[in-house]
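Below: one structure, written as structure tokens.
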Amino acid sequence: DLTLNGLTYFDFTSLEGLPNLLRVYAPDNFLTHLESDLFFNFPYLYYLFIPNNRLHALPDHLCNGTQLKMLDVSGNLIRKINRLQFTACNYLKTMYVLLLISLYNCKL
19 DLTLNGLTYF DFTSLEGLPN LLRVYAPDNF LTHLESDLFF NFPYLYYLFI
69 PNNRLHALPD HLCNGTQLKM LDVSGNLIRK INRLQFTACN YLKTMYVLLL
119 ISLYNCKL
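Heads up: the sequence shown begins at 19 in this note's numbering, then just goes up one per residue.
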């Protein structure tokens, strides 16, 4: 549990010895960025809980190398989501994202 640890950057090199990591629980920190290949070495990761941080975007290919089933990034500063971020999310069943997107004057 990494709640309220003041984290600004998530360095997974310290967790490389945990290939069977199932959950990452890091809410209420100051994370602003996640690397694209951050979770690649964690094939059993199924739960990523990082709400209430300062993330502006999700990395492309977020699920590569994982079995991510639940993702909570609510309460972050995310304004846009694109398809590349979820191309490998074959197992994703639940996702919580708090977004405020204005579609005013858009021609969809």
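For every residue, glycine included, the Cβ atom is placed at its ideal position computed from N, Cα and C.
Open item on the list: Below 7 Å, is the gap between the Cβ of L80 and the nearest heavy atom of the ligand NAD?
Closed with: Ligands displayed in this structure: none; no statement on the ligand NAD is therefore possible.
Task: DSSP state of F60 mapped onto helix, strand, coil - done: Residue 60 sits at position 42 when you count from the first residue of the sequence shown. DSSP places F60 in coil when its eight states are reduced to three.
- [ ] Just the C-alpha distance for L80 and D29, rounded to the nearest angstrom, thanks.
- [x] Locating residue 80 in the sequence shown gives position 62, where the first residue counts as 1. Locating residue 29 in the sequence shown gives position 11, where the first residue counts as 1. Approximately 16 Å between the Cα atoms of the pair.
Task: Where the beta strand (DSSP E) containing R89 begins and where it ends - done: Numbered from its first residue, the sequence shown carries residue 89 at position 71. At residue 89 the sequence reads Leu, which differs from the Arg that was named. That run of the beta strand (DSSP E) goes 88-90.
Task: Identified DSSP bridge partners for F67 - done: Along the sequence shown, read from residue 1 onward, the residue named residue 67 stands at position 49. DSSP output for F67 lists Y43, D90 as bridge partner(s).
- [ ] Sort L36, R41, E34 by Cα distance to D90 and report the nearest one.
- [x] Position 72 of the sequence shown, counting from 1, holds the residue named residue 90. Of the candidates L36, R41, E34, the one whose C-alpha sits nearest the C-alpha of D90 is R41.
Open item on the list: To the nearest angstrom, how far is the alpha carbon of R97 from that of L73?
Closed with: Translated into the one-based positions of the sequence shown, residue 97 becomes position 79. Translated into the one-based positions of the sequence shown, residue 73 becomes position 55. Going from the Cα of R97 to the Cα of L73 covers about 10 Å.
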